[in-house]
Amino acid sequence: MMKKKSIYASRASLVLILCQVISALDVPLDSKLLEELLQPPTITQQSPKDYIVDPRENIVIQCEAKGKPPPSFSWTRNGTHFDIDKDAQVTMKPNSGTLVVNIMNGGKAEAYEGVYQCTARNERGAAISNNIVIRPSRSPLWTKEKLEPNQVREGDSLVLHCRPPVGLPPPIIFWMDNAFQRLPQSERVSQGLNGDLYFSNVQPEDTREDYICYARFNHTQTIQQKQPISVKVFSTKPVTERPPVLLTPTGSTSTKVELRGNVLLLECIAAGLPTPVIRWIKEGGELPANRTFFENFKKTLKIIDVSEADSGNYKCIARNTLGSAHHVISVTVKAAPYWITAPRNLVLSPGEHGTLICRANGNPKPNISWLANGVPIAIAPEDPSRKVDGDTIIFSHVQERSSAVYQCNASNEYGYLLANAFVNVLAEPPRILTPVNKLYQVIADSPALLDCAYFGSPKPEIEWFKGVKGSILRGNEYVFHDNGTLEIPVAQKDSAGTYTCVARNELGKTQNEVQLEVKDPTMIIKQPEYQVIQRYGQVSFECIIKHDSTLLPTIIWLKDNDELPDDERFLVGKDNLTIMNVTDKDDGTYTCIVNTTLDSVSASAVLTVVAAPPTPAIIYARPNPPFDLELTGQLERSIELSWIPGDENNSPIISFVIEYEDGLHEPGVWHYQTEVPGSQTTVQLKLSPYVNYSFRVIAVNEIGRSQPSEPSEQYLTKSANPDENPSNVQGIGSEPDNLVITWESLKGFQSNGPGLQYKVSWRQKDVDDEWTSVIVANVSKYIVSGTPTFVPYEIKVQALNDLGYAPEPSEVIGHSGEDLPMVAPGNVQVYVINSTLAKVHWDPVPLKTVRGHLQGYKVYYWKVQSLSRRSRRHVEKKILTFRGNKTFGMLPGLEPYSSYKLNVRVVNGKGEGPASPDKVFKTPEGVPSSPSFLKITNPTLDSLTLEWGSPTHPNGVLTSYVLKFQPINNTHELGPLVEIRIPANESSLILKNLNYSTRYKFYINAQTSVGSGSQITEEAVTIMDEAGILHPAVGAGKGEAIGILPFVFTKRYSETLFAASPVMHTVTPTFSKVQPLYPRIRNVTTAAAETYANISWEYEGPDHANFYVEYGVAGSKEDWKKETVNGSRSFFVLKGLTPGTAYKVRVGAEGLSGFRSSEDVFETGPAMASRQVDIATQGWFIGLMCAVALLILILLIVCFIRRNKGGKYPVKEKEDAHADPEIQPMKEDDGTFGEYSDAEDHKPLKKGSRTPSDRTVKKEDSDDSLVDYGEGVNGQFNEDGSFIGQYSGKKEKEPAEGNESSEAPSPVNAMNSFV
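Encoded structure:
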């Protein structure tokens, strides 16, 4: 096993080296270079293997080849040399190997049947063509036969045999009648694959004497006709129903052999009454999805692109109400040879190694044989550098004499494959193909690509320099492509200058200079602004730009993404657009576009046009409809219409719109005819033939359109030939074997007469075919069946009616139906550019195999695993689509140090072709991300403990961590920097021998073999000595240590660096691994309102600690105030604070040697009145309520006095009838007076909504708001600071409208302003 592994490893290494050699010596497609380099012959064009020719025309056998020097050509016929000089009828084209056999001047095509092969030869080798079998097409006449009439009983089955003459190629069969109309087919009557016409059961309407079978021979463009067949159906009562019986195939089983890639056609036609229905199944499996089609009313099963997996038993079942019949067809799929790896041309340098690989598959397995320069390799001249190993030829230490053309032949009983591949050994000094001093111009901050196309053998090494004496360019700011291109991903102004490309190999050295200019970007410094303008006013949009002085900008104005109207009211200035006398049509979006040769920018603004205020004294309205319409001067194609205008209603009539109705084709539908100025009351109208016209007129002014006038009298025009043909003629196949011709039908009045029909004509393009025509009824579609897949057709559709044809139509080009592409792109190569970007190349597929409109290529790629973690994950495939016939694409966003796979597929209008074999590639290592965290704990007088996490994205194999630190003095100046390199498997460190009571700044980053990643920083302070007191540093901010601190406080620090302090003393630290140190209090946070604050903290240490909170005014020298915390809770509420005051606070634990937290600073909210005013406490409201109460009391007294006097006073009825809004009862639900309810003040506050205080924050603006843990505005604090409702499972009822206005501001909302 070890020996096998070493062999496989060596082979893999050899293949990798050879692949690099092959790709390194790809010859650029430079015409000048190709003219100079020696190259063995390559066959570029040849006739098909099976070449059927027209016996009436000259035979052209193609053989074209290229090479340096130009190759000479020779031919063999039936395996022996073909001397064309001895045959006067055969000539060879100049500078070509193509043969022309002159048949039209007396030659006989039959005399030139045979097998031909072309050889192209020069001093570097010989290439050969396929064996080309020449056969003339044949279209024999139908043999005469006496046909007896067919007399059939109604309900019986019938088969009309066609038996066409055997032709080459086989003819296309169809059945027609004497009128050249196709016989209708259905589930009951259909044509079989052999051309016979099958009747499952005959009906009386089948009686006729003109059943004619036609055979069309496409190569000779001839159609042969069989003698008409007569069928007479006689009736018997009653008609006997019959169960199904299969007419074809016969028996219960049959066999079928088909080749891989072909179309499999299976047929079952049954007799029976009622007509049987056919169903297909595959025994032991499913019919292949997306490749299975049913034709001929499901009597034919069609499977396209068959493979070996389609072998098996297929059963057809015929069923009607009386029973069923079935037949099993055993299908075997064989395969002619097909390529797995075709040999590719090999360009090598002297002394190099390479391989030619020829791998093919088939059923049965094909035999592989090699030829050298057209001669079997076994008898070819010896070459010591060559060794044949089955399907591989291995070359080692090649020399120039090793150049040759090799042929690989793969064959079995069903066919063969022949491929030429040359080995070209070249020794060439470097050449640079990019023009000298080529100028490149780019915009700043955009990529710059400087070309250095080159060639040499061996492959040259490319280096780039900047300036005349500059050093070689290296580093991450440049990308060096394999084709020699230098990429500057982000070009800056200082990137401009002269760049020199140097190419060298062992045979020489050459160089070339290019120039790079970096231009300033174009900017719009004053953009057009939104404007509202009154009608008939003037408006102006500005577009002031700033651009590079060497670029010439052009400014284009658009309206609604289209050109400005051609109107003199639009004035385009140097940097503005002015619109005079604005109308409603000017409403829209105006865009200023600035273009230079290198970039483009744009800005837009909306113009809204409003009506000017109307003059009250004048009433404007739409005009009244015209009246008294009159028709005069009646002619065949014209008539004169006149009318009297209605009242214009203070707005002048601008125009009249004339509409017409066609009472013959579309009664009740009115169409636009024309529009004339408002000063005109007569118009000459153009008419169409065969239309029953009525007209009406509509007046238009600035206000709008009038009602239509009463219709005029009717006028019927005479019939005529159609004036026009259908428009929008298209030919697009819906299936691979049809052509669907569609068009837009003529409107009723466009027919110009009765009996509208269409003549549809088509012929295959570039085949010199005759037009095929058919006349169809007034429809808009015709389907041509039996077409080849995706070939161009010339199409035309001509209108005609009972009086004649329309003018000759123009021709359009259409295509028959597309099919899925046949082959996958080959030679897929991946070039990894850097750790996140790769470039993929592929060879385009032959256009013939696309079988449709080439839309582009799709690249599927996915990450297999990360090479650093060796962990697989869910595969998420990504897809990139490259439009058109592109052969390369970029794969961005890759993850460094990972393994990927990809494949490529060609796409046409039908869908995707097969995928290329998966290609595996790996991205190199990159620099890691920063460590996930850095914590500094356990301070002592002279030591600190550091803990860190590994990078989230290592992007490679970590080699080490780099720790740097330096002291900071009281003026924030930095001391000497110390650097420590730490093994990659460590995650903690104890630094010793540090200065006591000193602040340090720490930097740590991870490294891979590529380089260092980004760093993370922290600051920490060592503990003071027993007598030391650390006062706040000048400019110290929130959270810095004050007083005697028995713990370390850490925070993120600004990256601004100061000069090292001259008074600091540094002791060389020592370090060791760390263990956690307790106790400690950290993360002291405050949430303050106007007069109170909630203090919370995190504690790590022994249980049952007793906490206290100390606080005081920030900056004051007063003693700290102390509050004791009940129990071991970790929060406390400070009450009685002064609004708008900054406080300092710290937390301590009793009995822990004076252990306290760091100091925090907070500020209470300002004292301001809430906008949620309690209306019940307002003086005006109280006075109003007293007045209302007094008024009610007076009314009650008056009522009481009247009753005592015997009078009646229906107070309630009068109050109900004359409700006074000033005397409304309070609402039961909120206790407020409806008259003074303020909608804005009394709307319920939603959860997390903004409260009236300007210092509050919306819920969505603060993810850490305490509202998130409570129940909206109902959440409150207990006296001990705990949050009511924090763990409540049921939400409190929302406050009723009105009550909320008298509610005190929620402490939660107040707290939100400080979160």
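Be aware that the sequence shown starts at 31, since it is given in the working numbering, and climbs by one per residue. Virtual Cβ for every residue (Gly too), placed ideally from N, Cα, C. Everything numeric in this text was worked out from a predicted model, so none of it was measured.
| query | result |
| --- | --- |
| For residue 1216, which of helix, strand or coil comes out of DSSP? | helix |
| Taking just the CA atoms, how far does residue 522 sit from residue 931? | 36 angstroms |
| Are the Cβ atoms of residue 119 and residue 132 separated by less than 7 angstroms? | yes |
| Would you identify the three-state DSSP class for residue 526, choosing helix, strand or coil? | coil |
| DSSP has residue 155 in a bridge; who is on the other side? | 152 |
| Which of the three DSSP states is assigned to residue 139 in this structure? | helix |
| Tell me the start and end of each unbroken alpha helix (DSSP H) in the region 1127-1153 that is at least 4 residues and wholly inside, in chain order. | none |
| Helix, strand or coil: which one does DSSP assign to residue 629? | coil |
| Whose C-beta lies closer than 6 angstroms to the C-beta of residue 259 among residues of the same chain, with five residues either side of it excluded? | 177, 190, 241 |
| I need the boundaries of the beta strand (DSSP E) containing residue 361, first residue and last residue. | 353-371 |
| I'd like to check one pair, residue 641 with residue 565: are the Cβ atoms closer than 7 angstroms? | yes |
| For a test of the three-state rule: what should DSSP assign to residue 980, helix, strand or coil? | coil |
| Does DSSP classify residue 778 as helix, strand or coil? | helix |
| Evaluate residue 845 with the Cβ neighbour count: other Cβ atoms within 10 Å of its Cβ, from every protein chain shown; 16 or more gives buried, anything less gives exposed. | buried |
| How is residue 1209 classed by DSSP in three states: helix, strand or coil? | helix |
| Please return the same chain residues whose Cβ sits closer than 6 angstroms to the Cβ of residue 625, not counting the five positions on each side in sequence. | 584 |
| Have a look at residue 1385 and residue 692 and give me their C-alpha separation to the nearest angstrom. | The requested residue 1385 is not part of the displayed model; the chain covers only 31 to 1345. |
| So, is residue 614 buried or exposed, given that buried needs 16 or more other C-beta atoms within 10 angstroms? | exposed |
| State the DSSP-derived secondary structure class of residue 257, mapped to helix, strand or coil. | coil |
| How many Å lie between residue 175 and residue 195 at the Cα? | 12 angstroms |
| What's the C-alpha gap between residue 86 and residue 138? | 9 angstroms |
| Return yes when the Cβ of residue 789 is within less than 7 angstroms of the Cβ of residue 803, no when it is not. | yes |
| Can you tell me which of the three DSSP states residue 879 falls into? | helix |
| Report the three-state DSSP secondary structure of residue 235 (helix, strand or coil). | helix |
| Enumerate in chain order the residues of its own chain whose CB-to-CB distance from residue 749 is below 6 angstroms, with the five nearest sequence positions on each side excluded. | 719, 720, 783, 833 |
| Whole angstroms are fine: how far does the CA of residue 996 sit from the CA of residue 1009? | 9 angstroms |
| If I follow the unbroken beta strand (DSSP E) through residue 707, where does it start and stop? | 696-707 |
| Which residue spans inside the region 652-702 form an unbroken beta strand (DSSP E) run of at least 3? | 657-662, 668-674, 685-692 |
| According to the neighbour-count rule (16 or more other Cβ atoms, all chains shown, within 10 Å of its Cβ), is residue 701 buried or exposed? | exposed |
| Nearest by alpha-carbon distance to residue 440: which of 470, 370, 458 is it? | 370 |
| Is the separation between the beta-carbon of residue 1352 and that of residue 378 shorter than 7 angstroms? | For the chain, the structure presents residues 31 to 1345; residue 1352 sits outside this window and is missing. |
| Output yes or no for whether 7 angstroms exceeds the beta carbon distance between residue 1191 and residue 1144. | yes |
| Using CA atoms only, rank isn't needed, just tell me which of 957, 469, 596, 856 is closest to residue 542. | 469 |
| Starting from the C-beta of residue 879, find all residues in its chain whose C-beta is less than 7 angstroms away, skip the five residues before and the five after it, and write them out in chain order. | 851, 852, 853 |
| Counting C-beta neighbours from all protein chains within 10 Å, is the total for residue 560 16 or more, i.e. buried, or is it exposed? | exposed |
| Can you say whether residue 433 is buried or exposed, counting buried as having 16 or more other CB atoms within 10 angstroms of its CB? | buried |
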